[in-house]
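Chains as they are written, first to last, in our numbering: chain A, 7 to 361; chain B, 7 to 361. To keep things clear, I will list the structure first and then write my remarks on it.
2 protein chains.
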Amino acid sequence: MKHNFGAGPCILPKEVFEEAAKAVLDFNGTGLSILEVSHRSKEFEEVVVETERLVRELLNVPEDYSILFLQGGATQQFAMVPMNLLPENGRAAYLDTGVWATKAAKEAKKVGHVEIVASSSDQNYSYIPKDFQIPADAAYFHYTSNNTIYGTEVFEKPATAVPTVVDMSSDILSRKIDVSEFDLIYAGAQKNMGPAGVTLVIIKNELFGKSGRTFPTIFDYESHAKAGSMYNTPPVFSIYVSMLNLRWLKAKGGVDVIEQENIIKARTLYEEIDRNPFFKGTAAVEDRSRMNITFVMDSPELEAEFLALAKERNLVGIKGHRSVGGFRASVYNALTISSINALVDTMREFEENHK
Amino acid sequence: MKHNFGAGPCILPKEVFEEAAKAVLDFNGTGLSILEVSHRSKEFEEVVVETERLVRELLNVPEDYSILFLQGGATQQFAMVPMNLLPENGRAAYLDTGVWATKAAKEAKKVGHVEIVASSSDQNYSYIPKDFQIPADAAYFHYTSNNTIYGTEVFEKPATAVPTVVDMSSDILSRKIDVSEFDLIYAGAQKNMGPAGVTLVIIKNELFGKSGRTFPTIFDYESHAKAGSMYNTPPVFSIYVSMLNLRWLKAKGGVDVIEQENIIKARTLYEEIDRNPFFKGTAAVEDRSRMNITFVMDSPELEAEFLALAKERNLVGIKGHRSVGGFRASVYNALTISSINALVDTMREFEENHK
Numbered sequence: 007m008k009h010n011f012g013a014g015p016c017i018l019p020k021e022v023f024e025e026a027a028k029a030v031l032d033f034n035g036t037g038l039s040i041l042e043v044s045h046r047s048k049e050f051e052e053v054v055v056e057t058e059r060l061v062r063e064l065l066n067v068p069e070d071y072s073i074l075f076l077q078g079g080a081t082q083q084f085a086m087v088p089m090n091l092l093p094e095n096g097r098a099a100y101l102d103t104g105v106w107a108t109k110a111a112k113e114a115k116k117v118g119h120v121e122i123v124a125s126s127s128d129q130n131y132s133y134i135p136k137d138f139q140i141p142a143d144a145a146y147f148h149y150t151s152n153n154t155i156y157g158t159e160v161f162e163k164p165a166t167a168v169p170t171v172v173d174m175s176s177d178i179l180s181r182k183i184d185v186s187e188f189d190l191i192y193a194g195a196q197k198n199m200g201p202a203g204v205t206l207v208i209i210k211n212e213l214f215g216k217s218g219r220t221f222p223t224i225f226d227y228e229s230h231a232k233a234g235s236m237y238n239t240p241p242v243f244s245i246y247v248s249m250l251n252l253r254w255l256k257a258k259g260g261v262d263v264i265e266q267e268n269i270i271k272a273r274t275l276y277e278e279i280d281r282n283p284f285f286k287g288t289a290a291v292e293d294r295s296r297m298n299i300t301f302v303m304d305s306p307e308l309e310a311e312f313l314a315l316a317k318e319r320n321l322v323g324i325k326g327h328r329s330v331g332g333f334r335a336s337v338y339n340a341l342t343i344s345s346i347n348a349l350v351d352t353m354r355e356f357e358e359n360h361k
Numbered sequence: 007m008k009h010n011f012g013a014g015p016c017i018l019p020k021e022v023f024e025e026a027a028k029a030v031l032d033f034n035g036t037g038l039s040i041l042e043v044s045h046r047s048k049e050f051e052e053v054v055v056e057t058e059r060l061v062r063e064l065l066n067v068p069e070d071y072s073i074l075f076l077q078g079g080a081t082q083q084f085a086m087v088p089m090n091l092l093p094e095n096g097r098a099a100y101l102d103t104g105v106w107a108t109k110a111a112k113e114a115k116k117v118g119h120v121e122i123v124a125s126s127s128d129q130n131y132s133y134i135p136k137d138f139q140i141p142a143d144a145a146y147f148h149y150t151s152n153n154t155i156y157g158t159e160v161f162e163k164p165a166t167a168v169p170t171v172v173d174m175s176s177d178i179l180s181r182k183i184d185v186s187e188f189d190l191i192y193a194g195a196q197k198n199m200g201p202a203g204v205t206l207v208i209i210k211n212e213l214f215g216k217s218g219r220t221f222p223t224i225f226d227y228e229s230h231a232k233a234g235s236m237y238n239t240p241p242v243f244s245i246y247v248s249m250l251n252l253r254w255l256k257a258k259g260g261v262d263v264i265e266q267e268n269i270i271k272a273r274t275l276y277e278e279i280d281r282n283p284f285f286k287g288t289a290a291v292e293d294r295s296r297m298n299i300t301f302v303m304d305s306p307e308l309e310a311e312f313l314a315l316a317k318e319r320n321l322v323g324i325k326g327h328r329s330v331g332g333f334r335a336s337v338y339n340a341l342t343i344s345s346i347n348a349l350v351d352t353m354r355e356f357e358e359n360h361k
């Protein structure tokens, strides 16, 4: 059995893979594959409705927010957010906590005026900036709640009265959030929601048409909301698998329960990193992510040796991103504590071998 | 066994469903599901490379064209085409052959100046306009090669010296084309290429940057080409299933062979429509589509009765689109002649019942 610590697309529960495989052969007893059913069929419309209902229930999304299933990943949201929210003469405030936050701001700059309110680039994004001012006249404030590459996470929404937009691609559904604190939440599905190919957007309806700009309908949140995510042919299979995964999360007890598991998984691994003399964490302790745990060793030779051992022990996807180096263990919802234990055991075995 | 005549997402070969289901459980012996592998893994990069190579081979795409796998369907291309190709002071020429062609022009109008060179809206789009002028200074000429709703198809590219952009969503890979006649071809995958969730774009490289506009990178063809369709996380599973389907097409003998089959399938059904006194075709005979065959009856009561009989005979998805009424049999590549025979038999049975 492989332990998949990949950063995304990532591990999903085994039961989800099994049900998805069945539906590829026969979807819901229709005699048709989920890959050949019409998106306008009653059966698939029920899938979209249930997926939306599960997101609303699991995250306790208020009634005045729309839940959309789009395409193009978080990257397309980098463009759609300013198109929809940033007026021609307005400005948007961005917090720079890493590569993805930088990209979001860079793409928004192609649409309008952007101000970076703070950045942790001075220390290779190993911490979350805390003291900064968000201009009161900003059209919106944007930040990335979890920084996959650097292993940092923003647990508290920065205080501001301006509409807040957050890229939650890599921590949505991993912990309790109060959706009403935010105005727009977006997330590429391929971490804790489902497979690649679908993007979740949760938007407060009063934001529709906010920028006053003219742009193609496909980029307009309101059009997708009015059409129930069926403005154009949706990514049928990716939505279906997301539904299966959300059902799994609900059956487990929901976000509260998974958050407790995620806290235990992260704590177990961080404790080993802090204890084991061969490893050290890279992120500021108070900003450590529960989803992506980054750590390094003192020498590159030892790192290569540990990677080889990890491979022997069936640990997949733990090589760190090139901009941080070392290792990254992504511990998303579907990764079990036994996979964490397998990694910890391997770290101890390595220590033992070098005594 | 169901005979799936749905207009799309549509039938794919049974072998493709079987292989796809296996990969959902174990992709290529990796011990991981295709839904959890990294898009940056060697195994998935090979999938993208092979899918591209198969498209290039099957359609004989010249070297100076890029092949891209994007998201957002043809609808997103309605926006991306003018963003990439229409300069601020230029104009684009559109041929109006139905709802999708109209939408393409409408979305382009949100970007720049558009001229409709001809329309068959006067006869509910039941024919393809033949005599029209394309302005020689147009930035590009756009048309839809197959009109899914009305059952018409453009087999010959209209003569023009301006760059030609064609929406081939519903007939790409169904017949031989000379790619070098076109400058940009796009197609939502969910007919003859694969499942919903991926969009094929074939673009002549000299078109990159043609509009001179500034817009977000995610909408720029050149960025996707440079990144080998990995500018952002691609729709992994939809690309994988497309690869399986293209392999199937190649093993069958390629586009030449499937075109011959498609000609026979379409002819068989049109002959019955023309022979059977209860049915009549809706499209001009010379413009009849090989992919979507539209036909009606004289009375709505009889139509309901035929639909009921068709359902009993396991014929799925033959109800016509509301703007044409009656019936539509979509006869894409994977639909076998035995499904056509089942439909013809049902039409004869109906005739027999009413003698």
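Every residue, glycine too, gets a C-beta built ideally from N, C-alpha and C.
So the beta strand (DSSP E) residue i belongs to, where does it begin and stop?
| i | result |
| --- | --- |
| residue 251 of chain B | It is not in any beta strand (DSSP E) - residue 251 of chain B instead sits in the alpha helix (DSSP H) that spans 242–258. |
| residue 124 of chain A | 119–125 |
| residue 143 of chain A | Unbroken run through residue 143 of chain A: none, as it is neither H nor E. |
| residue 98 of chain B | 97–102 |
| residue 348 of chain A | Premise fails: residue 348 of chain A lies in the alpha helix (DSSP H), 343–359, not in any beta strand (DSSP E). |
| residue 40 of chain A | Segment: none, residue 40 of chain A is in no beta strand (DSSP E) and carries neither H nor E. |
| residue 71 of chain B | 71–76 |
Using only alpha-carbon positions, find the residue among the options that is nearest to residue i.
| i | options | result |
| --- | --- | --- |
| residue 141 of chain A | A:126, A:162, A:167 | A:167 |
| residue 44 of chain B | A:119, A:17, A:229 | A:17 |
| residue 291 of chain B | B:159, B:127, B:265, B:124 | B:159 |
| residue 175 of chain A | A:151, A:188, A:184, A:136 | A:151 |
| residue 306 of chain B | B:295, B:29, B:285, B:206 | B:285 |
| residue 139 of chain A | A:100, A:112, A:114, A:129 | A:100 |
| residue 195 of chain A | A:64, A:293, A:77 | A:77 |
| residue 354 of chain A | A:260, A:275, A:258 | A:275 |
| residue 302 of chain A | A:321, A:293, A:335, A:319 | A:335 |
| residue 20 of chain A | B:41, B:338, B:247, B:359 | B:41 |
| residue 252 of chain A | A:190, A:311, A:206 | A:206 |
| residue 282 of chain A | A:263, A:358, A:68 | A:358 |
| residue 63 of chain A | A:184, A:154, A:10 | A:184 |
| residue 298 of chain B | B:188, B:25, B:66, B:154 | B:154 |
| residue 127 of chain A | A:330, A:356, A:338, A:349 | A:330 |
Answer with buried or exposed for residue i, where buried requires no fewer than 16 other C-beta atoms within 10 angstroms of its C-beta.
| i | result |
| --- | --- |
| residue 181 of chain B | buried |
| residue 272 of chain A | buried |
| residue 270 of chain B | exposed |
| residue 326 of chain A | buried |
| residue 343 of chain A | exposed |
| residue 340 of chain A | buried |
| residue 278 of chain A | buried |
| residue 296 of chain A | buried |
| residue 199 of chain A | buried |
| residue 233 of chain A | exposed |
| residue 66 of chain A | exposed |
| residue 211 of chain A | exposed |
Helix, strand or coil: how does DSSP classify residue i here?
| i | result |
| --- | --- |
| residue 22 of chain B | helix |
| residue 154 of chain A | coil |
| residue 328 of chain B | coil |
| residue 84 of chain A | helix |
| residue 34 of chain A | coil |
| residue 130 of chain B | coil |
May I ask which residues mark the beginning and end of the alpha helix (DSSP H) holding residue i?
| i | result |
| --- | --- |
| residue 60 of chain B | 48–64 |
| residue 116 of chain A | Per DSSP, residue 116 of chain A belongs to no alpha helix (DSSP H) and is neither H nor E. |
Less than 7 Å separating the Cβ of residue i from some heavy atom of the ligand ADP?
| i | result |
| --- | --- |
| residue 235 of chain B | With respect to the ligand ADP, the structure offers nothing, as it holds no ligand at all. |
Length-filtered (4 minimum) alpha helix (DSSP H) runs lying within the stretch 162–244 of chain B: 227–232
Continuous alpha helix (DSSP H) assignments of at least 4 residues falling wholly in the stretch 253–338 of chain B: Taking only runs of at least 4 residues, the alpha helix (DSSP H) segments lying wholly in the stretch 253–338 of chain B are 261–281, 306–318.
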